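Residue numbers (this note's numbering): 53 to 241. Built from N, CA and C at the ideal position, the CB exists for glycine as well. The structure presented is a predicted model; accordingly, all values stated were derived computationally and were not measured. Below you'll find the structure, written out as structure tokens, and then a few comments.
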Amino acid sequence: MISFAIVGHLARTDGGFSINDLPGSGGRMDVLCRCVNTSLFLSHDLRRDVDCYLILCGPPAGPKTVKFSGELVRSLSPDERSAAALIKKVIDTPCGTEFREAAQGVFIRKGGLERLLSERRFAVLDEKGADVRACADLPDGFILSDHLNFTAQEEDLLHNCPRYSVGPRCLHADHTITVLHNELDRRKC
Ligand SMILES: C[S@@+](CC[C@H](N)C(=O)[O-])C[C@H]1O[C@@H](n2cnc3c(N)ncnc32)[C@H](O)[C@@H]1O
53 MISFAIVGHL
63 ARTDGGFSIN
73 DLPGSGGRMD
83 VLCRCVNTSL
93 FLSHDLRRDV
103 DCYLILCGPP
113 AGPKTVKFSG
123 ELVRSLSPDE
133 RSAAALIKKV
143 IDTPCGTEFR
153 EAAQGVFIRK
163 GGLERLLSER
173 RFAVLDEKGA
183 DVRACADLPD
193 GFILSDHLNF
203 TAQEEDLLHN
213 CPRYSVGPRC
223 LHADHTITVL
233 HNELDRRKC
């Protein structure tokens with residue numbers, strides 16, 4: 053099982069965003085939706101051994117975490133609006149600090165990065181990290197930032213995590229996931 057977690061620093065934490073304006077009203081929800089798609093989609097199939105966590109830190113009620121399960125999700129098509137519609141559907145579901153399934157294969161809970169890191173180990177994807185091509189073994193959980201840098205507080209939480217790079221250039225988060233999937237696929241197949 054491979055997990056990706058993406059921190060959405062400005063991402064809206066209620067349904068008060070428009071599917072037609074994900075970058076603006078959603079607080080760059082478009083970035084997170086593209087990450088869901090690259091985490092979970094193959095051509096005409098889903099990666100059923102992948103989970104994608106979106107850590108929403110924006111207004112008005114952050115942080116919340118949405119989890120897409122590649123094994124369980126239904127009604128997801130490979131376009132940003134489809135992932136956004138599912139997020140909009142689950143985001144106002146009353147929830148506590150445990151995951152609640154609010155649409156098929158899509159879960160929501162209160163809490164963010166600190167909670168997730170207390171549950172399992174993650175590595176940080178970072179262009180200055182160890183080159184994945186030179187690593188004999190790779191972990192099974194990876195954290196990325198959205199279009200912004202991790203905050204100082206997040207960096208504190210992440211300071212013990214190993215860091216891996218998919219190459220020397222700074223890529224978009226969704227592109228980074230694609231390159232990493234390619235590396236993992238080549239090792240498996
Ligand atoms: C667009 S970048 C983040 C913004 C960037 N730090 C900045 O200067 O504003 C999105 C995320 O993708 C990941 N990333 C980008 N390039 C990478 C690379 N070459 N190797 C590993 N991770 C990378 C990192 O997690 C990064 O936080």
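For residue i, verify whether its CB is less than 7 Å away from any heavy atom of ligand 1.
i       : result
Arg-221 : yes
Gly-181 : yes
Asp-178 : yes
Asn-89  : no
Asn-201 : yes
Ser-95  : no
Thr-36  : Nothing can be reported for residue 36, as the shown portion of the chain is limited to 53 through 241.
Leu-165 : no
Leu-106 : no
Leu-210 : no
Ser-70  : no
Of the residues the options, which one's Cα is nearest the Cα of residue i?
i       : options                            : result
Leu-177 : Leu-232, Pro-112, Ile-107          : Leu-232
Thr-90  : Ala-135, Cys-241, Gly-114          : Ala-135
Leu-94  : Asp-198, Leu-169, Thr-65, Asp-131  : Asp-131
Phe-151 : Val-88, Asn-234, Lys-119           : Lys-119
Leu-124 : Ala-188, Pro-75, Arg-161, Val-102  : Val-102
Gly-60  : Thr-228, Pro-75, Ser-70            : Pro-75
Arg-185 : Pro-220, Cys-147, Val-142, Phe-202 : Pro-220
Ala-113 : Asp-226, Tyr-105, Ile-139, Gly-163 : Gly-163
Gly-181 : Val-88, Ile-143, Thr-228, Arg-86   : Thr-228
Tyr-105 : Ser-197, Ala-188, Pro-146          : Ser-197
Leu-210 : Arg-172, Arg-161, Ala-225, Asp-183 : Arg-172
Where DSSP assigns a beta bridge to residue i, which residues make up the other side?
i       : result
Ala-175 : Phe-194
Val-59  : Ile-107, Ser-197
Ser-70  : None, per the DSSP bridge assignment.
Arg-215 : Val-176
Ile-54  : Val-102
My assumption, with CB atoms under 8 Å, is that residue i sits in contact with residue j. Please give the rounded CB distance.
i       : j       : result
Glu-179 : Ser-217 : 5 Å
Leu-190 : Leu-236 : 7 Å
Arg-239 : Ala-175 : Wrong, their Cβ atoms sit about 15 Å apart, outside the cutoff.
Thr-65  : Gly-110 : 6 Å
Ser-129 : Gly-157 : Their Cβ separation, rounded to whole angstroms, is 13 Å, which puts Ser-129 and Gly-157 out of contact at 8 Å.
Thr-117 : Leu-168 : 6 Å
Ala-63  : Gly-79  : 5 Å
Closer than 7 Å: is that where the CB of residue i sits relative to any heavy atom of ligand 3?
i       : result
His-224 : Absent from the structure shown: ligand 3. Ligands present: ligand 1.
Inset, instruction - Could I get the ranges of all uninterrupted alpha helix (DSSP H) runs contained in the stretch 78–120, with 4 residues as the minimum, in chain order? - result: 81–92
Inset, instruction - Just list the alpha helix (DSSP H) runs in the stretch 117–188, keeping only unbroken ones of 4 residues or longer that don't cross its boundaries, in chain order. - result: 132–143, 165–171
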